[in-house]
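Asks: Mind having a look at this structure? Questions to follow.
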Amino acid sequence: MQQIGQVFLRVILGGLFAIHGFMKFQGGISNIVGYFDSLSIPGFIAYFVAIVELVGGVAMILGLGSRIIGALFAFIMLGAIMTAKWSLGLLGADGIAGYEFELALLAMSVYFVFATPTQLSVDALLKSKK
Numbered sequence: 277m278q279q280i281g282q283v284f285l286r287v288i289l290g291g292l293f294a295i296h297g298f299m300k301f302q303g304g305i306s307n308i309v310g311y312f313d314s315l316s317i318p319g320f321i322a323y324f325v326a327i328v329e330l331v332g333g334v335a336m337i338l339g340l341g342s343r344i345i346g347a348l349f350a351f352i353m354l355g356a357i358m359t360a361k362w363s364l365g366l367l368g369a370d371g372i373a374g375y376e377f378e379l380a381l382l383a384m385s386v387y388f389v390f391a392t393p394t395q396l397s398v399d400a401l402l403k404s405k406k
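Reminder that position 70 of the sequence shown reads as 346 in the numbering used here, one-by-one numbering, no gaps.
Laid out in structure tokens, this is it:
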């Protein structure tokens, strides 16, 4: 039963990141570069974040490298909280969302850094073929 819960969590987390990564490219990555610049983050990092979100999201859904992907997602969420959301507080202010969503994604990401991969993953399939 725990494996089913872990797969569910993995698919939701991966899907959310993949969608956000796709949206960064779909909406024009130059807009994201500009936003990063406005936060005093070098704009080129927007490409790294978008690629990790898109490719990492798909990998997380499949259960491929979930520990590494979880660490990358956690790093991205820490950056988002500290640079873009911290000043708004946990629940936000003046109709602008706080960092509660990013904190939830951070917690899920950290879970996968430490969790043992389930048998219902590409990692398990590759391991069984060795």
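Ideal placement from N, C-alpha and C gives every residue a C-beta, glycine not left out.
Tell me the start and end of each unbroken alpha helix (DSSP H) in the segment 287-344 that is at least 4 residues and wholly inside, in chain order.
Replies: DSSP runs (the alpha helix (DSSP H)) wholly in the segment 287-344: 305-314, 321-338.
Asks: Hey, out of Ile345, Ala322, Ser342, Leu382, whose CA is closest to Met353's CA?
Replies: The residue given as residue 353 occupies position 77 in the sequence shown. Selected option, being the one with the closest Cα: Leu382.
Asks: Taking the alpha helix (DSSP H) that Met384 belongs to, which residues open and close that run?
Replies: Here residue 384 corresponds to residue number 108 of the sequence shown, with the count starting at 1. Counting along the chain, the alpha helix (DSSP H) containing Met384 begins and ends at 376-390.
Asks: Taking the alpha helix (DSSP H) that Asp399 belongs to, which residues open and close that run?
Replies: Here residue 399 refers to the residue found at position 123 of the sequence shown. Looking at the DSSP string, the run of the alpha helix (DSSP H) that includes Asp399 is 398-404.
Asks: I think Val238 touches Ala350, with their Cβ atoms under 8 angstroms apart; what is that distance to the nearest whole Å?
Replies: The question about residue 238 has no answer here: the residues shown for the chain are numbered 277 through 406.
Asks: Three or more beta-carbon pairs under 8 angstroms between the segment 277-284 and the segment 306-313, yes or no?
Replies: Cβ pair count under 8 angstroms is below three, so no.
Asks: To the nearest angstrom, report how far apart Ser363 and Tyr375 are at their CA atoms.
Replies: Start at 1 with the first residue of the sequence shown, and residue 363 comes out as number 87. Start at 1 with the first residue of the sequence shown, and residue 375 comes out as number 99. Looking at the two C-alpha atoms, the distance is approximately 9 angstroms.
Asks: Phe301 to Ala380, Cα distance in whole Å?
Replies: The sequence position of residue 301 within the sequence shown is 25, counting from 1. The sequence position of residue 380 within the sequence shown is 104, counting from 1. Distance between the alpha carbons of Phe301 and Ala380: 24 angstroms.
Asks: In this structure, how does DSSP classify Ala369 when only helix, strand and coil are distinguished?
Replies: If you number the sequence shown from 1, residue 369 lands on position 93. Reduced to three states, the DSSP call for Ala369 is strand.
Asks: Please classify Ile330 as buried or exposed, where buried requires at least 16 other C-beta atoms within 10 Å of its C-beta.
Replies: What you label residue 330 is simply residue 54 of the sequence shown in a count that begins at 1. The amino acid occupying residue 330 in the given sequence is Leu; Ile does not appear at that position. Label assigned to Leu330: buried.
Asks: Starting from the C-beta of Ile327, find all residues in its chain whose C-beta is less than 8 angstroms away, skip the five residues before and the five after it, and write them out in chain order.
Replies: Indexing the sequence shown from 1 puts residue 327 at position 51. Here the set comprises Gly297.
Asks: Kindly list the residues whose CB is nearer than 6 angstroms to the CB of Val282, restricted to its own chain and excluding five residues on each side of it in sequence; keep chain order.
Replies: Residue 282 sits at position 6 when you count from the first residue of the sequence shown. A quick correction: the sequence has Gln, not Val, at residue 282. Within the same chain, Gln282 has close Cβ partners Thr394.
Asks: With a CB to CB cut of under 6 angstroms and the five nearest residues on each side skipped, what residues in its chain are close to Ser397?
Replies: For the purposes of this step, residue 397 is taken as residue 121 along the sequence shown, with counting starting at 1. Closer than 6 angstroms at the Cβ level, and outside the excluded window around Ser397, lie Gly339.
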